[in-house]
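Protein chains in written order, with this note's numbering: chain A, 41 to 159; chain B, 1129 to 1249; chain C, 34 to 131.
Built from N, CA and C at the ideal position, the CB exists for glycine as well.
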Amino acid sequence: MKFGIVVNEGPYQHQSSDSAYLFTKAAIEKGHEVWRVFFYHDGVNNASRLTEPPQDDRHIVNRWSKLAEDHKVDLVVCVAAALRRGIKEENLAQGFRISGLGQLVEAGIKCDRLVTFGD
Amino acid sequence: MSEIKKFMFVNRKAPYGTIYALESLEVVLITAAFDQDVSLMFLDDGVYQLKKGQQTKGIETKNFSPAYRALEDYDVEKLYVEKESMQARGLTEEDLLVSVTVLSRAEMGALMDEQDVVLSY
Amino acid sequence: MLHIVNKSPLTSNTLDSCLSTATGGDILLIEDAVYAATRGNAVEAKLRAATGQFRVHVLLPDLDARGMGDRLIEGVLPVDYAGFVDLVASNKTCQSWL
C-alpha cells in the first residue's frame, strides 16, 4: 500500500515528528511504500541542516535524511512555510526538497492513505 | 490529473492564536485548483474562523477572513458548521461571514465517513 | 474509519469531540492521549463507555514512555507501531484530531 505522511510540527518541541518517523519506519518494515512525507507549518524546521542536538539525543533531521537515502522516501518541505521560517536551499538537509503545497494535495490524490502528525 | 477524490478539511482551531487556520485555507485553495471535491467542516473553536467583523490592525497581522468569501470563486461551496459548537460559543448563522450548512455532530460524523482524504488542522 | 487522538483528555476537549462525532470504528490514542486509556483518572468512565461503541486502541510505546503501562483499562487494545500501520491500512480513511 502507498502511504503519504504529513508532519506539522518542528523537531524536539512536539512529539509529532518522532511519531511520524516511527510510523514511517514501521510502514516500510511491513513492506508498504511511503511515497512522500510533506512538512508543513513548523514541520519545515525538520529540514534544517543547521540542527545540532546534544550527542546523547536522537538526531531527528539526520534520521529523516537517512530514511530518504535508504528507502527513496520523498521528503518535501512546503516553500511558503519554509521561507517564513528561514528554511532555504542553503540550509536544507540532505534528502529534503522545497516545493509547493500542490505536493501535499498530490500525495492525497496518489496515496492510498494520508496520515497527519501534528499538534 | 483526472482522478477526483473527496477531500475534507476539518477546522477545529481559532484564528490568529495559531497559524493553522490560515495555512489550512491555503491548502483548500490549492486542492480546489487540482479540481478535487472539497468540503470544509468547522467544529469546536474552528467556528470562530468564520466570525464576521474581524479587525486585525491592532495585532499587525493580515486579516484573512475575506478569503472565506472568495471560496465560491474557486467552486468551494460545501461549508459545514457544527450546530452545538456554534451554540456553545454564542454564535448564530447571522454572525458568520459566509453562508454555511449547519449540521449536527452525528451528521458531521457520517459526512466524515464518506471522505477519501481528511486533513485536520 | 480510523480516528487518531493525541491530546490528554484532562486538558483538551479533543477526545470528547471525537467521541461525539465519530460514528463508530477504530479510535487510536497516541502521544498525550494515552492517559485516556488508563484507570483512576476523572474521565475513566467516559473511556469505558466508549469501548462499547468503538474499538479503542492505545499506542503502547507512548503509554510505556509515560510510565502508565501498569494501569491500562481492560477492553482497550494495545498496539505497537506495526499495529498502528495495520490500523491505517485496514481503514479506508483516517483522521488525526489535532
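Residues in its own chain within less than 8 Å of tryptophan 130 of chain C by CB, not counting five upstream and five downstream?
Within the same chain, tryptophan 130 of chain C has close Cβ partners His36, Ile37, Val38, Asn39, Lys40, Thr47, Leu48, Ser50 and Cys51.
Since glutamine 128 of chain C is in the beta strand (DSSP E), which residue starts that stretch and which ends it?
Counting along the chain, the beta strand (DSSP E) containing glutamine 128 of chain C begins and ends at 127-130.
Mind checking whether alanine 83 of chain C and valine 89 of chain C have CB atoms under 7 Å apart?
Going by C-beta atoms, alanine 83 of chain C is nearer than 7 Å to valine 89 of chain C.
The stretch 104-130 of chain A: positions lying closer than 9 Å to chain B by Cβ:
Taking 9 Å as the Cβ-Cβ cut-off against chain B, the residues of the stretch 104-130 of chain A that qualify are Cys118, Ala120, Ala121 and Arg124.
Taking DSSP as the reference, what is the three-state secondary structure of leucine 141 of chain A?
Note: leucine 141 of chain A maps to coil in three-state DSSP.
The alpha helix (DSSP H) spanning tyrosine 80 of chain A covers which residue range?
Taken as a continuous stretch (DSSP letters only), tyrosine 80 of chain A belongs to no alpha helix (DSSP H), as it is neither H nor E.
Note down the Cα distance separating tyrosine 68 of chain C from isoleucine 60 of chain C, rounded to an integer number of angstroms.
Taking the straight line joining both Cα atoms gives about 14 Å.
Helix, strand or coil for histidine 36 of chain C, going by three-state DSSP, please let me know.
Strand at histidine 36 of chain C.
Straight-line CA distance for threonine 91 of chain A to threonine 1146 of chain B?
Approximately 24 Å, taken between the alpha carbons.
Where leucine 50 of chain A falls: helix, strand or coil (DSSP)
Before going further, note that residue 50 of chain A is glycine rather than leucine in the sequence given. Glycine 50 of chain A falls in the coil class under three-state DSSP.
If you measure between the beta carbons of valine 74 of chain A and alanine 67 of chain A, is that distance less than 7 Å?
Cβ distance < 7 Å, so valine 74 of chain A and alanine 67 of chain A count as in contact.
Length-filtered (4 minimum) alpha helix (DSSP H) runs lying within the stretch 73-107 of chain C
Here the runs fully enclosed are 77-86 and 93-98.
Any chance the stretch 49-65 of chain A sits against the stretch 97-112 of chain A, with 3 or more Cβ pairs inside 8 Å?
Three or more Cβ pairs closer than 8 Å define a contact, and the stretch 49-65 of chain A meets that threshold against the stretch 97-112 of chain A.
Whole angstroms is fine: what's the gap from glycine 126 of chain A's alpha carbon to histidine 72 of chain A's?
Here the alpha carbon of glycine 126 of chain A sits roughly 33 Å from the alpha carbon of histidine 72 of chain A.
Please report the distance separating the alpha-carbon of leucine 93 of chain C from that of methionine 101 of chain C.
Their Cα atoms are separated by approximately 10 Å.
Determine, using beta carbons only, whether glycine 135 of chain A and glutamate 109 of chain A come nearer to each other than 7 Å.
Yes, they are a contact pair.
Which residues, in chain order, does the stretch 103-122 of chain C contribute to contact with chain A at a C-beta distance below 7 Å?
Taking 7 Å as the Cβ-Cβ cut-off against chain A, the residues of the stretch 103-122 of chain C that qualify are Tyr114, Ala115, Phe117, Val118, Val121 and Ala122.
Exposed unless 16 or more other CB atoms sit within 10 angstroms - verdict on leucine 123 of chain A:
Classification of leucine 123 of chain A: exposed, given that the 10 Å Cβ count is below 16.
State yes or no: is the C-beta of cysteine 118 of chain A within less than 7 Å of the C-beta of leucine 132 of chain A?
Cysteine 118 of chain A places its beta carbon 7 Å or farther from that of leucine 132 of chain A.
Between aspartate 82 of chain A and glycine 50 of chain A, is the Cβ-Cβ spacing less than 7 Å?
Cβ distance < 7 Å, so aspartate 82 of chain A and glycine 50 of chain A count as in contact.
Report the neighbours of leucine 1247 of chain B on chain A: residues whose CB is nearer than 9 Å to its CB, in chain order.
Within 9 Å Cβ-Cβ: Val46, Leu144, Gly148, Leu154 and Thr156.
Let's see if you can read the secondary structure: which residues bound the beta strand (DSSP E) around serine 1152 of chain B?
The continuous stretches of beta strand (DSSP E) do not include serine 1152 of chain B, which lies in the alpha helix (DSSP H) extending over residues 1148-1161.
Within its chain, find whatever has a CB closer than 6 Å to the CB of isoleucine 1187 of chain B; leave out the 5 residues flanking it on each side and keep chain order.
Cβ neighbours of isoleucine 1187 of chain B beyond the five flanking positions: none.
From the DSSP output, read off the bridge partner residues of methionine 1169 of chain B.
Per DSSP, B:Val1138 and B:Tyr1208.
Close Cβ partners of glutamate 1212 of chain B (< 7 Å) along its chain, the five nearest in sequence each way excluded:
These residues qualify, in order along the chain: Arg1233.
Determine, using beta carbons only, whether arginine 1210 of chain B and leucine 1171 of chain B come nearer to each other than 7 Å.
Reading off the sequence, residue 1210 of chain B comes out as glutamate, not arginine. If you check the CB distance, glutamate 1210 of chain B and leucine 1171 of chain B come in under 7 Å.
Chain B contacts made by the stretch 53-65 of chain C, where a contact means CB separation under 7 Å:
Residues Ser53, Thr54, Ala55 and Thr56.
Are leucine 1231 of chain B and leucine 1178 of chain B closer than 7 Å when you measure CB to CB?
No; because the gap between Cβ atoms is not below 7 Å, this pair is not in contact.
Which of the three DSSP states is assigned to glycine 44 of chain A in this structure?
It is a strand residue.
Assigned secondary structure, valine 74 of chain A (DSSP; H/G/I helix, E/B strand, else coil)
Under the three-state reduction of DSSP, valine 74 of chain A is assigned to strand.
Phenylalanine 1192 of chain B by DSSP, collapsed to three states: which one?
In this structure, phenylalanine 1192 of chain B counts as coil in the three-state DSSP scheme.
For chain B, find out if any of its Cβ atoms is closer than 7 Å to the Cβ of leucine 43 of chain C; answer yes or no.
So, not an interface residue.
Ignore the nearest five residues each way along the sequence and tell me which others in isoleucine 106 of chain C's own chain have a CB closer than 8 Å to its CB.
Cβ within range, chain order: Ala70, Thr71, Arg72, Glu77, Leu80, Arg81 and Thr84.
Looking at C-alpha atoms only, which residue of A:Val113, A:Phe63, A:Tyr52 and A:His111 is the closest neighbour of serine 88 of chain A?
Per the Cα distances, A:Tyr52.
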